[in-house]
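A quick write-up on the structure given underneath.
Residue numbers (this note's numbering), protein chains in the order written: chain A, 466 to 832; chain B, 57 to 283; chain C, 35 to 153.
Below, the structure written as structure tokens:
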């Protein structure tokens with residue numbers, strides 16, 4: 466009697482969306498894509514053919530953009546009336562719980578639309594008493610639940626049933642976490658100072674600046690791409706979009722793709738056809754970045770290309786999201802599984818067209 | 057054949073050892089025919105024996121060899137109502153006039169007294185013993201809160217237990233609302249005398265009368281109390 | 035406006051691994067590293083497994099860590115083989131797989147390593 470063991474050797478599913486469009490097209494969704502990716506961890510700008518960043522882009526990177534970290538903030542503070550009136554409703558508030566892994570712990574986030582998202586464990590959900598949905602991933606075993614509280618609703622005020630129920634739930638479970646906070650007041654050029662003073666009296670707050678890094682490349686091989694063709698060419702005149710994306714990833718990780726190493730070690734080299742460029746610059750910013758800053762960089766690069774300040778044929782802007790964020794784009798649920806990646810890259814061409822790569826992991830909804 | 061044998065047994069002559077002692081026992085041979093003897097026997101022993109009854113007696117024969125069939129006993133009429141009648145007559149329903157929290161506060165005070173006596177609370181009482189006694193205690197009148205539940209709508213409900221059935225607690229809240237909370241998949245907390253008891257509803261799904269006599273065993277297979 | 039959505043199996047999978055020896059002073063060069071991986075695949079899947087195409091895209095001598103590339107269909111095999119390796123050349127060792135992703139770009143940032151402490 467022999468036993469046959471059936472092993473599933475297929476890799477986990479992942480999603481990559483490649484979009485080709487023009488900035489001038491009315492239906493172009495590039496703005497929506499940038500602004501709805503709320504929690505950004507790292508932003509990287511890669512410009513081949515330049516030794517330094519063009520002036521407008523440089524100016525945007527140099528602008529100080531700090532974020533705050535608040536330690537041990539209980540969730541009852543997030544439904545505080547003053548907090549909602551002064552900050553949630555008067556600008557874009559981005560808050561994400563720090564050092565909480567989405568597959569292990571409870572994760573809390575405040576979106577700029579005024580929604581408080583709680584991704585909680587089954588035990589916490591049963592004690593919290595607020596109605597939510599089970600997580601969309603791993604539906605058979607309901608281990609995680611997503612609860613949404615709309616802070617901007619008119620009826621969400623102290624004294625009303627809904628508010629009191631939420632408050633009692635938070636008090637009963639005593640939920641608290643460290644939060645990363647970024648606030649962009651609407652309209653006036655106000656600084657984000659008031660938010661800090663709101664919390665400073667009772668909780669430990671700290672101000673952090675984004676970590677910036679510049680890398681310069683010399684004698685780099687660039688794959689040749691045709692802005693109007695994503696797929697493979699018949700004569701081998703240009704590289705496919707996917708090959709280009711892999712190459713850019715290699716450059717970002719510091720992998721040398723110029724010389725082909727011995728076959729035994731690696732068979733990867735820069736995709737053909739390729740061209741040699743003398744210099745290239747890569748500038749990155751790491752921390753807790755608001756989408757507004759990403760949009761500013763994008764606009765700066767575009768204006769530099771229009772003004773001929775930037776001689777290169779294209780520029781690439783990559784934005785990495787937080788692996789532990791409960792949402793990827795807008796309100797699409799995000800999970801970790803093996804990698805927790807939710808990142809996008811904009812390949813900006815001189816003729817005002819672009820390629821958008823959106824990469825998400827297994828436990829994600831296709832953007 | 058057996059019937060003949062039985063008949064033989066019935067109509068056999070007297071055994072030998074008795075027939076020998078006939079004079080001593082005072083047994084005489086029958087000197088008249090059998091039916092005449094029966095008539096005279098009946099006349100002597102029945103009061104006011106009428107000749108017409110003789111005819112009736114003649115008709116009714118007592119058959120000794122066949123077994124006597126017992127008449128079926130009439131079932132005693134049930135004095136309790138079945139559940140359909142209970143629901144129709146609304147025996148266990150609490151009418152709206154009685155759904156006022158203030159009416160049941162004295163009941164709660166009574167329950168506190170009861171639980172104090174039942175558990176014999178002292179500052180040094182052993183908690184495990186208390187737990188065992190608590191399992192058998194009656195909860196009618198206890199102030200209970202739902203602290204955990206698989207359905208989030210039940211969490212946070214606080215009130216006095218008015219009725220306990222097999223699967224459900226009927227609780228009256230401070231807002232004079234009668235809430236029916238299922239015991240399953242919920243954890244209730246009862247507070248008294250500075251102690252807080254947690255009742256895991258999943259293990260409490262039985263009638264209160266039965267619970268008093270049931271022995272709760274520690275589950276060896278599934279020690280988790282996951283809802 | 036054109037849109038290509040590729041769901042399902044990615045063509046290549048990337049792994050960020052670290053090889054840890056019990057003897058911390060051991061020096062491993064890239065050729066030895068590749069041989070260790072091949073031995074791991076051989077012991078688990080035999081000759082066919084050892085012939086699987088694995089690329090070492092980046093190798094660091096000091097930390098003995100590398101970024102590997104393997105075809106999507108072989109990713110589970112490679113990960114399993116690396117996990118089960120406990121000895122190389124009679125020296126105890128272990129592979130630590132730090133990150134796995136179908137996108138090489140995902141290794142450029144790791145938000146879980148952003149640890150901010152307030153004093």
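Where is the CB? At the ideal position from N, CA and C, for every residue including glycine.
In the three-state scheme derived from DSSP, where H, G and I count as helix and E and B as strand, residue 473(A) is classed as coil.
Scanning chain C for C-beta atoms nearer than 8 Å to the C-beta of residue 673(A) yields 150, reported in chain order. Per DSSP, residue 84(C) lies in no beta strand (DSSP E); the unbroken alpha helix (DSSP H) holding it starts and ends at 64-84. At a C-beta separation below 7 Å, residue 199(B) has no neighbours in chain A, since its nearest C-beta there lies roughly 17 Å away.
The continuous stretches of alpha helix (DSSP H) do not include residue 505(A), which lies in the beta strand (DSSP E) extending over residues 505-513. Straight through space, the alpha carbons of residue 182(B) and residue 502(A) are spaced by roughly 57 Å. When secondary structure is reduced to three states using DSSP, residue 777(A) falls in the coil class, being assigned neither helix nor strand. Collapsing the DSSP output to three states places residue 89(C) in a strand. Contact between the segment 716-730 of chain A and the segment 651-665 of chain A is absent, with fewer than three C-beta pairs closer than 8 Å. Segment contact: the segment 559-570 of chain A against the segment 763-775 of chain A, fewer than three CB-CB distances shorter than 8 Å; contact not assigned. With a beta-carbon spacing of about 18 Å, residue 809(A) and residue 801(A) fall beyond the 8 Å limit used to define contacts.
Closest by C-alpha distance to residue 488(A), out of 481(A), 498(A), 750(A), 479(A), is 498(A). In the DSSP assignment, residue 688(A) falls within the unbroken beta strand (DSSP E) covering 676-688.
Minimum Cα-Cα distance from residue 647(A) among the listed residues 504(A), 812(A), 623(A), 491(A) corresponds to 504(A).
Each residue's CA atom was taken as its position, placing residue 806(A) and residue 709(A) some 19 Å apart.
Closest option to residue 521(A), judged by alpha-carbon separation, among 782(A), 765(A), 779(A), 793(A): 765(A). Per DSSP, residue 739(A) is one residue of the beta strand (DSSP E) stretching across 739-754. Residue 215(B) is classed as buried because its beta carbon has at least 16 other beta carbons within 10 Å across all chains shown. Listed along chain C are 39, 40, 41, each with a C-beta nearer than 8 Å to that of residue 480(A).
An exposed status is given to residue 67(B), since fewer than 16 other beta-carbon atoms sit within 10 Å of its beta-carbon.
The beta carbon of residue 52(C) does not come within 8 Å of any beta carbon belonging to chain A, so the residue lies off that interface. Residue 707(A) and residue 87(C) do not touch by the CB rule: their CB atoms are close to 18 Å apart, not below 8 Å. In terms of Cβ geometry, residue 482(A) and residue 832(A) form a close pair [threshold 8 Å].
110, 111, 133, 134, 135, 136, 137, 138, 139, 140, 141, 142, 143, 144: these are the residues of the segment 110-144 of chain C whose beta carbon lies less than 8 Å from some beta carbon of chain A, given in chain order. The distance from the Cβ of residue 745(A) to that of residue 682(A) is about 4 Å, consistent with a contact at the 8 Å cut-off. Under the DSSP assignment, residue 112(C) falls in the alpha helix (DSSP H) whose first and last residues are 109-118. The segment 510-525 of chain A and the segment 70-78 of chain C do not touch, with fewer than three beta-carbon pairs separated by less than 8 Å.
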